Amino acid sequence: MEKINGGVTAALGFKAAHTAAGIKYKDRDDMAMIYSEAPCNAAGVFTTNVVKAAPVQYDREMIDKDAGIRSVVINAGIANACTGADGLRKCRETAVFTGKCLNISPDSVLLSSTGVIGMSLPLDKVKKGVEALSKGLDSSPEAGNMAAKAIMTTDTHEKESAYSFTAGGRTCHIGGMTKGAGMIHPNLGTMLCFITTDCAVSSAMIEKALKADVRDTFNMISVDGDTSTNDTCVVLANQMAKNDLIDTEGADFDAFKEALFSVMHDLCIQMAGDGEGATTLIECRVENAENEKDARTLAKSVITSNLTKAAVFGRDANWGRILCALGYSGARFDPDKVDLYMESKNGKIKLIENGTALPYSEDKATEIMKSEKVIIIADMKSGTSSATAWGCDLTYDYVKINADYRS
14 MEKINGGVTA ALGFKAAHTA AGIKYKDRDD MAMIYSEAPC NAAGVFTTNV VKAAPVQYDR
74 EMIDKDAGIR SVVINAGIAN ACTGADGLRK CRETAVFTGK CLNISPDSVL LSSTGVIGMS
134 LPLDKVKKGV EALSKGLDSS PEAGNMAAKA IMTTDTHEKE SAYSFTAGGR TCHIGGMTKG
194 AGMIHPNLGT MLCFITTDCA VSSAMIEKAL KADVRDTFNM ISVDGDTSTN DTCVVLANQM
254 AKNDLIDTEG ADFDAFKEAL FSVMHDLCIQ MAGDGEGATT LIECRVENAE NEKDARTLAK
314 SVITSNLTKA AVFGRDANWG RILCALGYSG ARFDPDKVDL YMESKNGKIK LIENGTALPY
374 SEDKATEIMK SEKVIIIADM KSGTSSATAW GCDLTYDYVK INADYRS
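Residue numbers (the working numbering): 14 to 420.
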């Protein structure tokens, strides 16, 4: 497996496009399209929020049909959530119109939206956008990059990743793009994520790999503890690498799953580090926990602690907040065994040993925390399981961004 340049156009047969449809933004692209030259096997994971946006409901139905997905149409600025029957109607009309523009079945079109909840999509602008997108499709890395930029809302930069790998003696490619900087606390999904591959793999095996990989990637990040109405992660496989179809577990499935994990791992870290207003990516590594479930619970408890997030922003090695977050996580452990460390490119320091404070230099601790990435290591000394979670610091700008979000 090798990391390569690109995103959703890195795999054979995939094209992308971008356009400014004026759906909400007046000065930037706000629509993107992904298109495959061949029908794709597909799988997806979606928000567990009871309040589900219209495109989430629509995409679940289309993926369940397994009719061969050919295209995804994405808009930024308006979420098409809490829009009732009208929202679903606009999904169907957009899919029909896209099918006509691309000469494909409406059932092969997925739709995704992100932005303000409760606003109605301007269908005339969406259709004009789809028409422009269908004429601008291109397979270049630049086209994929511009599509990644077009789906952003409060993101400060686009997020892409791509890898090549071998399956059945054939070189395969996989790439993806994601957006998300706020309302990030997913469970079996993320804000918006689209992954494409030319590997021949069945829908059932894509789903198996996706659900396994999402557990240690997108399910282990949090920006603000809020789960969106629109969380979507879709994987499309068009089989153009011409490897033998992967429809059972084995070496080829393992290679595909590893490559999928690598793309998702890259993207989830980019999301956590680009949290709204963030200055620092926080990585929490829990080691030697009693079991995997406890390890994940403990790691996520630390990166979702507002007090810990604020301490990282203030460059304050307030380890009491970290130990407190471990303690209320719900996982069982002996606090008198815990060791805590803080690490960054500027060094590493041990803060507590066996639950008790060690003498350390506050100046050294502050210097370690003056980094774009700070690692918190919690050694529970109660088992052999480990887990890693990612989050970001809590800054003044987070409040500013979200106070003005609809303005």
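Idealized CB from N, CA, C, for every residue including glycine. For clarity, every value in this text was computed on a predicted model and none was experimentally measured.
Using a C-beta cut-off of 8 Å, the segment 148–168 makes no contact with the segment 239–248, since fewer than three inter-stretch Cβ pairs fall below that distance.
When the Cα atoms are used, T32 and M382 turn out to be separated by approximately 40 Å.
For the pair of segments examined, the segment 350–364 was found not to touch the segment 252–267: the number of CB pairs separated by less than 8 Å stays below three. Your pair R183 and K255 checks out as a contact, with CB atoms roughly 6 Å apart and the cut at 8 Å. Exclusion of the five residues before and after A34 leaves D43, M44, N88, K138, V139, K141, G142 and A145 as the residues of its chain whose Cβ lies within less than 8 Å of its Cβ. Contact check for N54 and V214: beta-carbon distance about 6 Å, within the 8 Å limit, so the pair qualifies. The way I'd put it, the segment 394–414 does touch the segment 287–296; three or more beta-carbon pairs between them come closer than 8 Å. For E155, no beta strand (DSSP E) encloses it; the enclosing alpha helix (DSSP H) starts and ends at P154 to A163. With a 10 Å radius around the Cβ and a threshold of 16 neighbouring Cβ atoms, E74 comes out exposed.
DSSP, reduced to helix, strand and coil, places N116 outside both helices and strands of the structure shown, so it counts as coil. Sequence-distant Cβ neighbours of S398 in its own chain, meaning closer than 6 Å and more than five residues away, are A302, N304, E305 and A308.
Residue state for S399 is assigned as strand, using DSSP reduced to three classes. Scanning its chain for C-beta atoms nearer than 8 Å, with the 5 sequence neighbours on each side dropped, one finds around D329 the residues T379 and M382, in chain order.
Collapsing the DSSP output to three states places V143 in a helix. Excluding five sequence positions before and after A30, the CB atoms of its chain that fall closer than 6 Å to its own CB belong to M46, L146, G149 and L150, given in chain order.
Cβ-Cβ distances below 6 Å link S275 to Y176 in the same chain, with the five nearest sequence neighbours on each side left out; the list follows chain order. Under the three-state reduction of DSSP, C212 is assigned to coil, being neither helix nor strand. Bridge pairing for C246: V58 and C206 [DSSP]. Burial state of Q252 is buried, judged by a 10 Å Cβ sphere holding 16 or more other Cβ atoms. Going by beta carbons, L205 and T245 fall inside the 8 Å limit. Contact check between the segment 342–351 and the segment 309–323: three or more CB pairs, one atom from each, fall below 8 Å, which counts as touching.
In this model, Y418 and T167 are separated by some 9 Å (Cα to Cα).
For the pair of segments examined, the segment 68–86 was found to touch the segment 119–127: the number of CB pairs separated by less than 8 Å reaches three.
When the five nearest sequence neighbours on each side are left out, the beta carbons in the same chain lying within less than 6 Å of the beta carbon of G181 are those of N256, D257 and D265, in order along the chain. Exclusion of the five residues before and after D279 leaves S174 as the residues of its chain whose Cβ lies within less than 6 Å of its Cβ.
Within the same chain, Cβ atoms closer than 7 Å to the Cβ of G100 are found at A67 and N93, the five residues on either side in sequence being excluded. One alpha carbon belongs to Y411, the other to I259, and they sit about 44 Å apart.
The DSSP-derived three-state label of R228 is helix. If you draw a straight line from the Cα of K162 to the Cα of N367, it comes to about 47 Å.
If you look at K192, you'll find it in the beta strand (DSSP E) that goes R183 to K192. Take G128, set aside five residues on each side of it, and the residues of its chain with a beta-carbon closer than 7 Å to its own are K37, A89, G90, I91, A92 and T166, in chain order.
The distance from the Cβ of R298 to that of I390 is about 5 Å, consistent with a contact at the 8 Å cut-off.
By the 16-neighbour rule on beta-carbons within 10 angstroms, A194 is buried. With contacts defined by Cβ atoms closer than 8 Å, S49 and G19 do not form a contacting pair.
Using a Cβ distance threshold of 8 Å, V58 and L223 count as a contacting pair. Your pair I117 and S84 checks out as a contact, with CB atoms roughly 7 Å apart and the cut at 8 Å.
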